[in-house]
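Reading the sequence shown from the start, the letters are residues 62 to 228 in the numbering used here. See below for the structure under consideration.
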Amino acid sequence: MSLCANVETLRRVGVRRAYDGWVEGDVLDPEAAAVLAYLDRLADARPELADPLAAHIDRYGVVTSTISLGRGSELFLQAGDGWDRVSWACPSGRVHEWTWHERATPDDLDALLAGRGVERTAWLGSRLAGSRLVVNDRTLATSEGKLRLAVLRRLGIRTRERDEPAL
């Protein structure tokens, strides 16, 4: 085997795992296993993230991982305890949270990491009325003022929307 093949093999080891009371090899909840599989794929596909990329598995089989993406952006994943969630912190400092879904979330995260996501904010004058995390014109999460936005729209009050990069 050539040196290049060895380097390629070393790079494709997946995410580092830290077990805290959970026995490696025990079966994880399907959502927790899906998060680990996504992190493995991410570590292999994005070598620049692979070094700091790690997953923590606690004694209950809950998988968590926090990934710093630079410029104030951060991704937090948690699955295995029924509170399967994704938190995405935008450069604006606003955090958007939604439920992890094994089929859709990996593609949504890939789109966000590829720069195809925006944080869409709605403003009423100089006041923030609400914000949404949007990928391919589909809302992943709504933060701050969800009810206010609905009330404003029902009353026919127009807001000014602005898109900012989510990464």
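All residues carry an ideal CB built from backbone N, CA and C; glycine is no exception.
Run through the DSSP bridge pairs and tell me what Pro226 is partnered with.
Val179
How far does the beta strand (DSSP E) with Tyr80 in it reach, from first residue to last?
77–81
Any chance you could list the beta strand (DSSP E) runs of at least 3 consecutive residues sitting entirely within the stretch 145–180, in chain order?
146–150, 156–160
Nearest to Asp87 by CA position, among Arg77, Tyr121, Val96, is which residue?
Tyr121
Alpha helix (DSSP H) containing Leu130: first to last residue?
Not the alpha helix (DSSP H): Leu130 falls in the beta strand (DSSP E), residues 124–131.
Cβ-Cβ separation, Gly178 to Val196 (assumed contact under 8 Å), whole Å:
5 Å
Distance between beta carbons of Ser134 and Leu228, contact taken as under 8 Å
5 Å
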